[in-house]
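Colleague: The following block contains the structure, expressed as structure tokens.
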Amino acid sequence: MKSRTITRTLKNPDVFAPLLAIHGTREYDTAVAQLNALVDEIGDNPRDPRYRFIETLSVLIEAYDAEHHPIPDTSGVEMLKFLMEQHGLSQSDLREIGSQGVVSEVLRGKRELNVRQIEELAERFHVSPAAFLPARKKG
């Protein structure tokens, strides 16, 4: 590509809008809508050439979320309770954890989530697995 063409193209950043850093709620909402539409259309098919676009949008959205919507420093159980409330879920809806007795023990703090449970919950709620790790003790 000739430098004149590159310069002319860069003068119109809207051409690259889906691939630019997100600066504001409107751009964030647009990026999320684009990501959701792509995921609905092609699913989890890494062979589709548009899959790389999904990866790029995910990175941009995650960066914006990290800066503007940080996950509070809570315990994994507190985060789980919050997500259950937000999604209108009961203990019986959390098959990822195990039986209702196991779920009850986790929610009461008698048992910690294991790696498998954390990975499945992170996938279900579309959050980082770190959201379910025990809160670090401040020293």
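Note that the working numbering has the sequence shown beginning at 966, numbered continuously upward. We put the beta carbon where it would ideally sit given N, CA and C, even for glycine. Note that the structure is a prediction, hence the values are computed from the model and not measured.
Going by beta carbon distance, what residues of the same chain come within less than 7 Å of residue 1023, once the five residues before and after it are set aside?
Modeller: Excluding sequence neighbours, residue 1023 sits near 1000.
Colleague: Secondary structure at residue 1108, three-state DSSP: helix, strand or coil?
Modeller: In the structure as shown, the chain begins at 966 and stops at 1104. Residue 1108 is therefore absent and cannot be evaluated.
Colleague: When the cut-off is 8 Å and only beta carbons count, does residue 1057 lie next to chain B?
Modeller: The question asks about chain B, but that chain is absent: this structure has only one protein chain.
Colleague: Enumerate in chain order the residues of its own chain whose CB-to-CB distance from residue 1083 is below 6 Å, with the five nearest sequence positions on each side excluded.
Modeller: So the qualifying residues of the chain are 1094 and 1097.
Colleague: Return the CA-CA distance between residue 1005 and residue 1086, expressed in angstroms with no decimal places.
Modeller: Going by the C-alpha atoms only, they are around 21 Å apart.
Colleague: Please list the terminal residues of the continuous alpha helix (DSSP H) segment that includes residue 1089.
Modeller: First-last of the alpha helix (DSSP H) with residue 1089: 1080-1090.
Colleague: For the alpha helix (DSSP H) that residue 1066 lies in, which residues bound it at each end?
Modeller: Taken as a continuous stretch (DSSP letters only), the alpha helix (DSSP H) holding residue 1066 covers 1065-1072.
Colleague: Label residue 989 either buried or exposed according to how many other C-beta atoms from any shown protein chain fall within 10 Å of its C-beta, with 16 as the threshold for buried.
Modeller: Residue 989 comes out exposed.
Colleague: Helix, strand or coil for residue 1027? Go by DSSP, reduced to three states.
Modeller: If DSSP states are grouped into helix, strand and coil, residue 1027 belongs with the helices.
Colleague: Tell me which residue opens and which closes the alpha helix (DSSP H) that residue 1048 is part of.
Modeller: First-last of the alpha helix (DSSP H) with residue 1048: 1041-1052.
Colleague: Let me know if residue 1071 comes out buried or exposed under the rule of 16 or more other beta-carbons within 10 Å of its beta-carbon.
Modeller: Result: buried.
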